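Heads up: the structure comes next, in structure tokens.
Protein chains: 2
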Amino acid sequence: MTLSTTRQASAPQILDRCRELVRPALVESVSRLHPWHAETAAFSLGWSGASGEPAPGSQGKGVRQALAVLGAEAAGGSGADAVGGAVAVELIHTFSLIHDDIMDGDETRRRRPALWKAYGTGPAVLAGDAMFALAVSTLAEAPGPGGAAAVRRMAGALGDLVRGQAQDLLFESRPWTGPEAVLPREYRTMATHKTGSLLGCAAALGAVLAGAPPSTAQALDRAGRHLGVAFQAVDDLLGIWGDPQVTGKPVHSDLRRLKKTYPVLAALTADHPAARRLEALLTAEEPLDDAAARRAAELTDAAGGRRAVVAEAREHLASARACLDRAPLAEGARGDLLTLIPYLVDRTA
Amino acid sequence: MTLSTTRQASAPQILDRCRELVRPALVESVSRLHPWHAETAAFSLGWSGASGEPAPGSQGKGVRQALAVLGAEAAGGSGADAVGGAVAVELIHTFSLIHDDIMDGDETRRRRPALWKAYGTGPAVLAGDAMFALAVSTLAEAPGPGGAAAVRRMAGALGDLVRGQAQDLLFESRPWTGPEAVLPREYRTMATHKTGSLLGCAAALGAVLAGAPPSTAQALDRAGRHLGVAFQAVDDLLGIWGDPQVTGKPVHSDLRRLKKTYPVLAALTADHPAARRLEALLTAEEPLDDAAARRAAELTDAAGGRRAVVAEAREHLASARACLDRAPLAEGARGDLLTLIPYLVDRTA
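So the sequence lines, in the order shown, correspond to chains X and D.
For the first sequence, the working numbering begins at 8 and goes up steadily by one.
For the second sequence, the working numbering begins at 8 and goes up steadily by one.
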């Protein structure tokens with residue numbers, strides 16, 4: 008018996024196909040930058056190292072460009088319709104990682120030095136700005152009648168993105184407990200803004216550029232935002248329990264830095280003795296040493312923080328699927344989206 | 008005898024009128040930011056101090072918003088047509104100052120701490136990004152048929168702006184003399200990009216939003232770019248010979264930091280003994296102490312650097328005027344532009 012999914016491509020195949028479709032336009036767009044910024048862009052996109060040498064394995068998955076391409080196809084258009092939007096969202100994502108690493112003081116990104124470590128803080132600020140400006144240019148010049156609506160949509164997502172980053176930065180200075188503590192629902196809102204807005208925008212931009220009605224773009228946007236929350240939840244799980252070989256970060260890195268993450272915030276709300284012991288640990292020492300970080304991870308798990316966040320990721324993944332199931336989408340692209348989304352969330356969590 | 012200029016407003020009156028016209032929309036736009044970013048925006052716009060207290064005298068002149076308003080009026084429209092563009096260019100200008108101060112390590116801005124000194128580098132990077140995103144949003148949502156063309160034009164100016172900043176940053180690592188030395192014409196190109204592009208864009212945006220034909224917008228853009236070069240030339244003169252009471256910067260500050268500026272680059276190209284002595288001074292010590300900086304200023308003057316840059320400013324001012332004279336503009340606004348432009352350049356140089 009042959010199922011209807013027989014011809015369905017795998018998630019890596021979908022990502023590869025979209026990357027190949029978008030790549031020439033992304034290369035052309037980057038080539039319009041000042042040569043110095045073309046170099047920092049190539050470094051940040053994982054195309055080359057700090058001395059311009061090839062850097063195999065340093066590229067991101069290209070999630071956002073794939074969502075843009077599939078958004079256009081889901082709206083009954085061609086992936087080519089989405090290319091300007093796909094380039095723009097990849098550039099915006101890269102810009103946000105560059106500035107994020109400066110803000111968080113993160114020294115590595117995909118097992119290589121962060122751009123600010125390789126080139127200096129000032130140049131990295133400017134390199135991010137150059138990619139931001141290029142993203143706006145590329146989208147503003149995208150052909151077709153959807154261009155102006157696409158720019159408005161990306162501008163809105165950008166506003167949400169920086170709002171989420173502000174929320175995240177401000178969480179750091181708030182206490183772990185008491186009336187000023189960060190609530191799990193505040194964290195969810197932050198993740199929707201910081202991670203979900205651009206994922207939603209990516210899928211919606213593709214649809215808008217392919218001439219989709221607003222309701223279709225809206226459904227894709229909502230699916231992308233749910234994906235973003237699920238993605239952030241899994242990211243936080245990996246930041247505590249992930250294999251350093253896979254994540255490229257030291258074990259327990261988020262805990263050692265006393266970063267406010269979803270599992271810990273969820274654990275602290277539990278009515279469980281482990282939650283109180285976790286609270287005592289987090290508020291007593293700063294920063295945590297190896298043993299204390301390991302203990303904090305155990306207590307977070309014992310208080311149910313890990314379980315709560317796995318459930319949260321599953322719930323948002325289901326909501327993303329439901330958005331896609333209900334929208335009037337072309338079947339092939341819907342299938343690709345339904346293949347891709349769980350693959351992105353399930354990163355050996 | 009009554010001259011036809013009798014009813015012409017003064018430059019400060021023009022700036023005040025335009026500021027008042029734009030202010031409500033700028034306030035409304037900033038209020039859409041995350042509260043933290045609304046606070047950093049109010050600080051950066053000179054509306055309040057770091058603790059939210061009023062900060063009289065800390066506002067910029069609002070040159071770019073005025074050019075946008077006058078651009079719309081010059082194209083036969085109303086200043087109100089330009090408001091979305093005026094807000095966008097003020098936000099972009101403020102964003103670029105915030106990030107510039109980080110890149111240059113400048114600790115003060117308009118006699119107050121730079122944003123990064125008051126709030127930290129990471130928050131200042133993000134505050135700039137928030138204003139950048141808000142500028143794109145505001146312009147993308149500007150009503151009227153010129154919106155899409157306005158976004159394309161601003162995106163182009165943004166690309167030029169970051170290109171100019173890259174050129175400026177890279178000048179710092181080049182030698183004062185020899186085949187790798189920065190040539191005065193390279194400096195002019197940098198100034199056109201870094202300072203001229205946004206001034207030109209401001210005036211052109213107003214025209215585009217008022218429905219002007221491309222040729223009118225182009226003439227206003229060119230005038231703004233010439234203004235930018237003249238402005239940068241005078242800025243450099245003030246950075247060496249300006250009164251610290253007026254500039255708000257220490258005397259000879261650019262020389263002490265060995266910053267490559269127009270008067271010094273022009274002096275070094277002169278066939279004059281003072282040029283060779285200046286060269287020896289600049290390449291021997293790092294950074295210059297007070298006495299050496301004073302000596303470098305004297306030698307720059309003796310080699311003709313000051314004279315050359317005054318001539319350069321005058322020439323670009325004349326070119327800006329010529330662009331305005333030749334373009335088919337409404338007479339009242341043309342008069343205002345011709346009043347405003349020399350006022351902006353003549354800052355007691």
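A virtual CB, placed ideally from N, CA and C, is assigned to each residue, including glycine.
As the structure is a prediction and not an experimental result, all values here were calculated from the model.
Exercise. Would you please verify whether the beta carbon of residue 55(X) is less than 8 angstroms from any beta carbon of chain D?
Key: For residue 55(X), the answer is no, since every Cβ of chain D falls outside 8 angstroms of its Cβ.
Exercise. Counting only the same chain and skipping the five closest in sequence on each side, list residues whose C-beta sits under 8 angstroms from that of residue 168(D).
Key: Within the same chain, and ignoring the five residues on either side of residue 168(D) in sequence, the residues whose Cβ sits closer than 8 angstroms to its Cβ are 99, 103, 200, 201, 204 and 205.
Quiz item: Name the residues in the stretch 211-222 of chain D whose C-beta lies less than 8 angstroms from a C-beta of chain X; which are they?
Solution: Closer than 8 angstroms at the C-beta level to chain X, one finds no residue of the stretch 211-222 of chain D.
Self-check item: Candidates 309(X), 73(X), 50(X) and 278(X), of which the one nearest residue 63(X) by Cα
Solution: When only C-alpha atoms are compared, the closest one is 50(X).
Exercise. Assign residue 180(X) to one of three DSSP states: helix, strand, or coil.
Key: If DSSP states are grouped into helix, strand and coil, residue 180(X) belongs with coil.
Quiz prompt | Euclidean distance between Cα positions of residue 349(X) and residue 315(X) | solution = Near 18 angstroms, if we compare the C-alpha coordinates of residue 315(X) and residue 349(X).
Quiz item: Would you report the Cα separation of residue 257(D) and residue 89(D), rounded to the nearest angstrom?
Solution: Straight-line Cα distance between these residues: approximately 37 angstroms.
Quiz item: For residue 31(X), which of helix, strand or coil comes out of DSSP?
Solution: Residue 31(X) falls in the helix class under three-state DSSP.
Practice problem: Report all residues from its chain with a CB closer than 7 angstroms to the CB of residue 307(D); omit the five preceding and five following residues, and keep chain order. | Solution: Excluding the 5 residues flanking it on each side, residue 307(D) has same chain C-beta neighbours closer than 7 angstroms at 247, 270, 271, 274, 285 and 313, in chain order.
Quiz item: At least one CB of chain D closer than 8 angstroms to the CB of residue 110(X): is that the case?
Solution: With 8 angstroms as the cut-off, residue 110(X) counts as an interface residue toward chain D.
Quiz prompt | Partner residues on chain D for residue 163(X), Cβ-Cβ distance less than 8 angstroms | solution = Within 8 angstroms Cβ-Cβ: 144.
Self-check item: Within chain X, partners of residue 166(D) - CB distance below 7 angstroms
Solution: In chain order, 140, 141 and 144 make up the part of chain X whose C-beta sits under 7 angstroms from the C-beta of residue 166(D).
Quiz item: With 16 other CB atoms within 10 Å as the buried threshold, where does residue 151(X) fall?
Solution: Exposed, by the Cβ-count rule.
Quiz item: Can the beta-carbon of residue 310(X) be found less than 8 angstroms from the beta-carbon of residue 259(X)?
Solution: Going by C-beta atoms, residue 310(X) is not nearer than 8 angstroms to residue 259(X).
Practice problem: Would you identify the three-state DSSP class for residue 55(D), choosing helix, strand or coil? | Solution: Strand at residue 55(D).
Quiz item: Does DSSP classify residue 120(D) as helix, strand or coil?
Solution: Strand at residue 120(D).
Quiz item: Grouping DSSP H, G and I as helix and E and B as strand, with all else coil, what is residue 61(X)?
Solution: Strand at residue 61(X).
Exercise. Output yes or no for whether 8 angstroms exceeds the beta carbon distance between residue 208(X) and residue 264(X).
Key: It is not a contact, given that the beta carbons lie outside the stated cut-off.
Exercise. Select from 45(X), 157(X) and 74(X) the residue whose C-alpha is nearest the C-alpha of residue 221(X).
Key: Comparing Cα positions, the closest option is 157(X).
Exercise. Measuring only between beta-carbons, confirm whether residue 98(D) sits less than 8 angstroms from chain X.
Key: Closer than 8 angstroms: no.
Quiz item: What did DSSP end up calling residue 268(X) once you bin it into helix, strand or coil?
Solution: If DSSP states are grouped into helix, strand and coil, residue 268(X) belongs with coil.
Self-check item: Contacts that residue 225(D) makes with chain C (C-beta to C-beta distance below 9 angstroms)
Solution: Protein chains in the displayed structure are X and D, and chain C is not among them.
Quiz item: Roughly how many angstroms separate the alpha carbons of residue 336(X) and residue 83(X), rounded to a whole number?
Solution: Rounded to whole angstroms, the separation of the alpha carbons of residue 83(X) and residue 336(X) is 7 angstroms.
Quiz prompt | Classification of residue 108(X) by the beta-carbon crowding that lies within 10 angstroms, buried from 16 upward | solution = Under this definition residue 108(X) is a buried residue.
Self-check item: Any C-beta of chain X under 8 angstroms from that of residue 128(D)
Solution: Residue-level contact by beta carbon holds for residue 128(D) and chain X, with a gap shorter than 8 angstroms.
Exercise. Determine whether the Cβ of residue 43(X) lies closer than 8 angstroms to any Cβ atom of chain D.
Key: Taking a beta-carbon distance threshold of 8 angstroms, residue 43(X) counts as an interface residue toward chain D.
Self-check item: Residues of the stretch 148-161 of chain D whose Cβ lies closer than 7 angstroms to any Cβ of chain X, in chain order
Solution: Answer in chain order: 148, 154, 155, 158 and 159.
Quiz prompt | Delimiting residues of the alpha helix (DSSP H) encompassing residue 280(D) | solution = Taken as a continuous stretch (DSSP letters only), the alpha helix (DSSP H) holding residue 280(D) covers 280-291.
Quiz item: With burial defined as no fewer than 16 other Cβ atoms inside 10 Å of the residue's Cβ, what is the status of residue 11(X): buried or exposed?
Solution: Residue placement at residue 11(X) is poorly supported in this model, since its pLDDT is 49, which falls under 50; the coordinates still yield a value, given next. Classification for residue 11(X): exposed.
Quiz item: Which same chain residues, not among the five before or five after residue 326(D), have their C-beta less than 6 angstroms away from its C-beta?
Solution: Cβ neighbours of residue 326(D) within its own chain (closer than 6 angstroms, five residues either side excluded): 233.
Quiz item: Nearest-angstrom Cα distance between residue 262(D) and residue 296(D)?
Solution: Per the coordinates, the alpha-carbon of residue 262(D) lies some 9 angstroms from the alpha-carbon of residue 296(D).
Quiz item: Excluding the five sequence neighbours on either side, which residues of its own chain have a C-beta within less than 8 angstroms of the C-beta of residue 435(D), listed in chain order?
Solution: The structure shown has nothing for residue 435(D), since chain D only spans 8 to 356.
Practice problem: Any chance you could list the beta strand (DSSP E) runs of at least 3 consecutive residues sitting entirely within the stretch 163-217 of chain X, in chain order? | Solution: Correct list: empty.
Quiz item: Hey, would you say residue 114(D) sits closer than 8 angstroms to residue 69(D), going by beta carbons?
Solution: Contact flag unset, no.
Quiz item: Pairing CB atoms from the stretch 117-134 of chain D with CB atoms from the stretch 170-187 of chain D, are three or more of them under 8 angstroms?
Solution: Counting C-beta pairs closer than 8 angstroms gives fewer than three between the stretch 117-134 of chain D and the stretch 170-187 of chain D, which falls short of the contact rule.
Quiz item: Do residue 144(X) and residue 240(D) have their C-beta atoms within less than 8 angstroms of each other?
Solution: Cβ distance not < 8 angstroms, so residue 144(X) and residue 240(D) don't count as in contact.
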